[in-house]
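Using our numbering, read the sequence shown as starting at 233 and increasing by one per residue.
What follows is a single structure, written as structure tokens, with notes after it.
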Amino acid sequence: IKTATFLALGKACTRNCGFCDIDFTKTPKEPEIDEPERIAGSVRELGLKHVVITMVARDDLPDGGAFHIAKIIDEVRKTNPGVTIEVLTSDFQGNYKAIDQVLEKRPDIFNHNIETVRELSPRVRHKATYDRTLEVLRYVKSQNKSSFVKSGIMVGLGETKEQVQETIKDLAEAGCDIITIGHYLQAKYKKTYSKIFCLS
């Protein structure tokens, strides 16, 4: 299946997570109004069957960029009937109204990564928390508006096998259908290895 991932809402993030190679800024540019149409057009030109829409964290925006992501889903579907859509979002700072804006578009997969185990989360993640991620995933599952709820963790940051197992258990209890486990390498290597586990 032809698939591609598109990064939305700019090239700079309002968070400064230690593992990430995305540029950091407290004052990113405004969302580009024509970005939804451009992404939809690219999906059509590439003949994609599955699309992943990911985003930088936009804590500068009242809705965290949720309306913009929802608009992208609308445009991709309008231009590309039958394409399946996965969104990989921030936690929207725990704003359920923002999450609902995305869920109302019924993405086929809603993905929000927990990134690492509980013990390492404060050091690895700039603003997101382990428990808030679980709360977001639990809420998304309860709304029953996506076929699959997904999350992912990285290994190679100093976690133990037992901590990884505990994280998988926490994600499963939060309602995740799919979990990815990636091997973290420093950003300069630009490469990650991952496995996918289906829990349902």
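Glycine included, C-beta positions come from ideal geometry on N, C-alpha and C.
Nearest-angstrom beta carbon gap, residue j and residue i [assumed within contact, 8 Å]
i      : j      : result
Leu335 : Ser378 : 7 Å
Ile400 : Ile410 : Not quite, the Cβ-Cβ distance comes to about 12 Å (not below 8 Å), so this is no contact.
Pro357 : Cys249 : For clarity, residue 357 is Arg in the given sequence; the question names Pro instead. At roughly 5 Å, the Cβ-Cβ gap stays under 8 Å, so Arg357 and Cys249 are in contact.
Thr311 : Lys281 : At roughly 14 Å, the Cβ-Cβ gap does not stay under 8 Å, so Thr311 and Lys281 are not in contact.
Residue(s) in a DSSP beta bridge with residue i
i      : result
Thr286 : Leu239, Leu320
Cys245 : Phe256
Ile265 : For Ile265, which the question treats as bridged, DSSP gives no partner whatsoever.
Phe342 : Val319, Val381
Glu347 : Ile385
Selection from the options that minimises the alpha carbon distance to residue i
i      : options                        : result
Asp323 : Glu347, Lys310, Ala404         : Glu347
Leu320 : Asn327, Ile331, Arg276         : Ile331
Tyr328 : Val283, Gly296, Met386, Ala289 : Gly296
Lys258 : Ile265, Thr316, Arg247         : Arg247
Ile301 : Asp402, Lys337, Glu277         : Lys337
Pro263 : Arg290, Ile233, Ile385         : Arg290
Gly384 : His344, Asp402, Leu366, Ala272 : His344
Gln333 : Phe299, Phe342, Ile341         : Phe299
Inter-residue spacing [alpha-carbon to alpha-carbon] between residue i and residue j
i      : j      : result
Pro294 : Thr286 : 18 Å
Phe380 : Val349 : 22 Å
Ala360 : Pro260 : 19 Å
Pro313 : Glu351 : 43 Å
Asp255 : Asp292 : 15 Å
Glu405 : Glu307 : 34 Å
Gln375 : Glu269 : 28 Å
Gly414 : Lys393 : 14 Å
Ser353 : Gly242 : 25 Å
Phe238 : Gln395 : 31 Å
Gln397 : Leu369 : 18 Å
Tyr371 : Lys303 : 22 Å
Ala240 : Val288 : 7 Å
Gln325 : Lys234 : 32 Å
Leu278 : Ala236 : 9 Å
Ile265 : Leu366 : 32 Å
Arg364 : Lys373 : 14 Å
Val283 : Glu391 : 31 Å
Gly407 : Tyr362 : 15 Å
Lys422 : Phe251 : The predicted position of Lys422 is uncertain, since its pLDDT is 45 and thus under 50; a value taken from the coordinates is nonetheless stated next. Cα to Cα, Lys422 sits roughly 11 Å from Phe251.
Near the ligand NAP: residue i beta-carbon under 7 Å from a heavy atom
i      : result
Ile317 : Annotation note on the ligand NAP: not contained in the displayed structure, which lists no ligands.
Taking the runs of the alpha helix (DSSP H) that are 4 residues or longer, which of them lie wholly in the segment 352–400? If we require 4 residues or more, the alpha helix (DSSP H) runs fully inside the segment 352–400 come out as 353–356, 362–375.
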